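**Student:**
In the working numbering, the protein residues as written are 2 to 111.
(1) Where does residue 65 fall in DSSP's three states?
(2) For residue 9, which of helix, strand or coil comes out of DSSP?
(3) Please classify residue 102: is it buried, with 16 or more other beta-carbons within 10 angstroms of its beta-carbon, or exposed?
(4) Suppose you measure from the CA of residue 81 to the CA of residue 6; what does that come to, to the nearest Å?
(5) Roughly how many angstroms lie between the CA atoms of residue 36 and residue 49, to the nearest whole one?
(6) Can you give me the C-alpha to C-alpha distance between residue 19 and residue 64, rounded to a whole angstrom?
(7) Assuming the contact rule is C-beta atoms closer than 8 Å, residue 26 and residue 71 should be a hit. Round their C-beta distance to whole Å, please.
(8) DSSP has residue 81 in a bridge; who is on the other side?
(9) With burial defined as no fewer than 16 other Cβ atoms inside 10 Å of the residue's Cβ, what is the status of residue 28: buried or exposed?
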């Protein structure tokens with residue numbers, strides 16, 4: 002059992018670099034990428050239904066991951082980002098295995 006996200010950067014020729022480890026949610030069950038903060042750079046979302054959380058790893062212009070934000074989300078099974086509130090900022094959508102629902106964390110411009 003681990004709480005590590007391993008990122009294998011591509012070399013552009015079908016091969017990959019050695020992995021870079023990032024601490025993430027306990028017992029992750031899914032990984033997704035989306036531009037959560039609207040900076041044009043993909044961020045990584047890691048869901049953990051046992052850990053009841055979603056980890057958001059902020060992508061950087063250099064291709065690495067920096068900040069880690071962990072959100073409490075019961076039974077978090079899958080997460081993605083979309084502007085469901087039509088306000089111009091991405092919102093985080095989390096499918097929950099514990100209550101058969103989709104939780105919405107609304108984004109903000111700040």
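Ideal Cβ placement from N, Cα and C applies to all residues, glycine included. Computed from a predicted structure; not experimentally measured.
**Tutor:** Working from what's here:
(1) Looking up residue 65 in the chain shown gives position 64. In the structure shown, residue 65 adopts coil according to DSSP, grouped into three states.
(2) Numbered from 1 along the chain shown, position 8 holds the residue referred to as residue 9. Residue 9: coil per DSSP, three-state reduction.
(3) By 1-based counting over the chain shown, the position of residue 102 is 101. Residue environment: residue 102 is assigned as exposed (fewer than 16 neighbouring CB atoms within 10 Å of its CB, all protein chains considered).
(4) Taking the chain shown and counting its residues from 1, the one referred to as residue 81 is at position 80. Taking the chain shown and counting its residues from 1, the one referred to as residue 6 is at position 5. Looking at the two C-alpha atoms, the distance is approximately 17 Å.
(5) Translated into the one-based positions of the chain shown, residue 36 becomes position 35. Translated into the one-based positions of the chain shown, residue 49 becomes position 48. Near 20 Å, if we compare the C-alpha coordinates of residue 49 and residue 36.
(6) Along the chain shown, read from residue 1 onward, the residue named residue 19 stands at position 18. Along the chain shown, read from residue 1 onward, the residue named residue 64 stands at position 63. Going from the Cα of residue 19 to the Cα of residue 64 covers about 14 Å.
(7) Your numbering for residue 26 matches position 25 in the chain shown. Your numbering for residue 71 matches position 70 in the chain shown. Indeed they touch by this definition, with Cβ atoms about 7 Å apart.
(8) Counted from its first residue, the chain shown places residue 81 at position 80. Residue pairing from DSSP places residue 81 in a beta bridge opposite 94.
(9) Position 27 of the chain shown, counting from 1, holds the residue named residue 28. Residue 28 comes out exposed.
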